[in-house]
Amino acid sequence: MESGNLELQYFLSGITKGSIYAVVAIGFNLIYSATGVLNFAQGEFVMLGGMVAVTLARFVPLPVALAGAVVIVALVGCLLEILFFRRLQRHSILHLVIITIGLSIVLQEIALHLWDEKVRSLPYFTGNEISTLKFLGAAISPQVLWVLATVAVIVVLLHIFLKYTLPGRAMRAGSSNPSAAMLAGINIANMRTLAFGLSAAIGALAGCVISPITMTHYEMGAPLAIKGFAAAIVGGLGNPMAAVLGGLMVGVLEAYSVSRLPAAYSDVTVFAVLLLVLFVRPHGFWGRPGGESVREH
Amino acid sequence: MLLQVKNLRCGYGSLEVVHGISLHVCAGEIVGLLGANGAGKTSLLKSVVGLLQPWQGEIHVDGRPTRGQAAWRSISHSMVLVPEGKMIFADLTVRENLLIGGYRNPDRAMQIEIVFDRFPLLRERASQLGGTLSGGEQQMLALGRALMARPKILLLDEPSLGLAPLMVKEVFDEIVRMRDQGLTVLLVEQNVTATLQVADRAYVMETGDIILEGQAADLMHNPEVKRAYLGKGGKEIWE
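Top to bottom, those sequences are chains V and C.
For the first sequence, my numbering gives the first residue as 196, with consecutive numbering after it.
For the second sequence, my numbering gives the first residue as 560, with consecutive numbering after it.
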């Protein structure tokens, strides 16, 4: 491969990883605006999605396995909300955030026991690991297109859901003003469950499409949650679309850092930039000062 | 009787702010609930709709007991609370605010036209974000949003708060118009004169108790009403 296209190659790999961070960041945002909780177990949804899909794919065709994984992980997300967060409404946000960290560890351990410590992966959706497409001289795997297309579809569908459907509007109303939303007849507790379920579902789908490229492993969730969190903060908490840009930024930054500096510096680069952004714009690039959701109950 | 509250007690933590209050509102009435800051008016309203769990007492809406129900169910009793202050959805457009008001109303698409006809200003601002409206416009939006649910009884918490005098008059005129079209209104206010002018009956609250009740016209000339507001320190009324 000519070196002139190496830049593009790095950029595309950054966009691919970044789009997964974006999905994790969207999940962060959905749950944060609906409940005020920063859910550090968000990365585990991605891991579980991949794990469940790999297992199901042994028995059923791939598309069925993907759908099954998304549904199962969405149910896990709903269950977590009902078991842990609905009952603990009175606790402070800090307690709830610590609970999510605990949940993240517990989910990892459960995954370790249900499966094992082996690295596994789904088959490539189309083609195989050596098939490539030429794009402006750069070689990309068709799976990268699957990742980008899936993330794009998630973003568009989520936008339509939040903007143009009644449940989506109700969810936004609930995060804008919980009391007023309840007075309009919206069952806020169910909306929070829906936010967890939705967040888990998109995380699981991301975990499936990325599995052929990055592999699925029981420990993969926590680093994703940290990067996704960074993406959400850089973009601006409370704004799902900003999370996408934040995610892509983090991914590209990481890829360029790997291309120029020793590989171990990639996290340092990402978090140095994160700190810099927070110094200059404490609410992220697209967040509004005071725009965070205020949880009243 | 559309709304009946018997011996209601409620508060926060261990602090009781409403000490066993009874009141009722008959169909087609405008009933005023007056009192100074901190008298417990808002807490009373909150426990009627379920935003605050009452400690004791009975609440009946249209003959059905509602005490202990979650706040989001209050709307299924055709009861809507328009809360105090800027409780509109600031990040949603005016149209979305109204549609959320009709969340439990299957005919919301039709109802929004009725509300738009009633408040033409809201139609003009339909695609503007709620947070960009002026204080008076937000109050109109809050009223319009409440009407989206086609309620029988409307609980209004300080609709005149922070509005210019001209706007206050407009809001009160609107309340009378709503009553004339068959709505029942419980109007919680600090603005005594304006309230007694539109209300049929009124209650006066002081530090968690009802100290006076009667026909609005009688209360207008009762010096006790004034005393309840001036309180011990003799401060001026906050309007």
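Idealized CB from N, CA, C, for every residue including glycine.
Which stretch, first to last residue, makes up the beta strand (DSSP E) that contains residue i?
i: Q615/C; result: 615 to 620
i: L681/C; result: Per DSSP, L681/C belongs to no beta strand (DSSP E); it is in the alpha helix (DSSP H), 679 to 683.
i: R364/V; result: First-last for R364/V: 361 to 371, but that is the alpha helix (DSSP H), not the beta strand (DSSP E).
i: Q563/C; result: 562 to 571
i: L713/C; result: 712 to 716
i: E575/C; result: 574 to 584
i: F223/V; result: Not the beta strand (DSSP E): F223/V falls in the alpha helix (DSSP H), residues 201 to 230.
i: I335/V; result: 333 to 335
i: V590/C; result: 589 to 593
i: L328/V; result: 328 to 330
Are the C-beta atoms of residue i and some chain C residue less than 7 angstroms apart?
i: R387/V; result: no
i: R364/V; result: yes
i: H478/V; result: no
i: R490/V; result: Any reading at R490/V needs caution, since the residue's pLDDT is 38, under 50, leaving its predicted position unreliable; the model's value is listed next. Closer than 7 angstroms: no.
Please classify residue i: is it buried, with 16 or more other beta-carbons within 10 angstroms of its beta-carbon, or exposed?
i: W614/C; result: exposed
i: V472/V; result: buried
i: H308/V; result: exposed
i: Y788/C; result: buried
i: F391/V; result: buried
i: C585/C; result: exposed
i: R285/V; result: exposed
i: P679/C; result: exposed
i: F223/V; result: buried
i: S326/V; result: exposed
i: M669/C; result: exposed
i: N566/C; result: exposed
i: D673/C; result: Checking the sequence, you will find Ile at residue 673/C rather than Asp. I673/C is exposed by the Cβ-count criterion.
i: F254/V; result: exposed
i: D716/C; result: buried
i: I734/C; result: buried
i: S686/C; result: exposed
i: L611/C; result: buried
i: V232/V; result: buried
i: F474/V; result: exposed
Report the CB separation of residue i from residue j in whole angstroms; it is logged as a contact under 8 angstroms.
i: A264/V; j: L275/V; result: That pair is no contact at about 16 angstroms.
i: I671/C; j: A379/V; result: The pair is not a contact, with the Cβ atoms about 14 angstroms apart (cut-off 8 angstroms).
i: N664/C; j: A708/C; result: 6 angstroms
i: Y401/V; j: V218/V; result: Sequence check: residue 401/V is Ala here, not Tyr. Confirmed, about 4 angstroms.
i: Y216/V; j: A426/V; result: 5 angstroms
i: G446/V; j: I210/V; result: 6 angstroms
i: V249/V; j: L317/V; result: 6 angstroms
i: L713/C; j: V641/C; result: 7 angstroms
i: V465/V; j: L448/V; result: 6 angstroms
For residue i and chain V, any beta-carbon pair shorter than 7 angstroms?
i: L742/C; result: no
i: Y762/C; result: no
i: A787/C; result: no
i: M737/C; result: no
i: D732/C; result: no
i: G792/C; result: Reliability fails at G792/C, whose pLDDT of 42 lies under 50, so the model's placement of it is uncertain and no value is given.
i: I634/C; result: yes
i: G660/C; result: yes
i: W631/C; result: yes
i: L561/C; result: no
i: D650/C; result: yes
i: P624/C; result: no
i: M638/C; result: no
i: E655/C; result: yes
i: M669/C; result: no
i: L610/C; result: yes
i: E717/C; result: no
i: R663/C; result: yes
i: M646/C; result: yes
From what residue to what residue does the alpha helix (DSSP H) around residue i run?
i: K605/C; result: 600 to 608
i: L257/V; result: 257 to 275
i: Q628/C; result: From DSSP, Q628/C is part of no alpha helix (DSSP H); its letter is neither H nor E.
i: T295/V; result: 288 to 309
i: F235/V; result: Per DSSP, F235/V belongs to no alpha helix (DSSP H) and is neither H nor E.
i: L706/C; result: 694 to 706
key: Start-end ranges of the beta strand (DSSP E) lying completely within the segment 740 to 781 of chain C, minimum 3 residues   = 743 to 748, 760 to 765, 768 to 774
request  = Can you give me, in chain order, the residues of the segment 367 to 381 of chain V that have a beta carbon less than 8 angstroms from any beta carbon in chain A?
outcome  = Protein chains in the displayed structure are V and C, and chain A is not among them.
message = As an exercise, report each continuous alpha helix (DSSP H) stretch of at least 4 residues that is fully enclosed by the segment 401 to 478 of chain V, in chain order.
response = 416 to 430, 435 to 455, 461 to 475
request  = Let me know the alpha helix (DSSP H) ranges lying completely inside the segment 634 to 677 of chain C, each 4 residues or longer, listed in chain order.
outcome  = 653 to 660, 667 to 677
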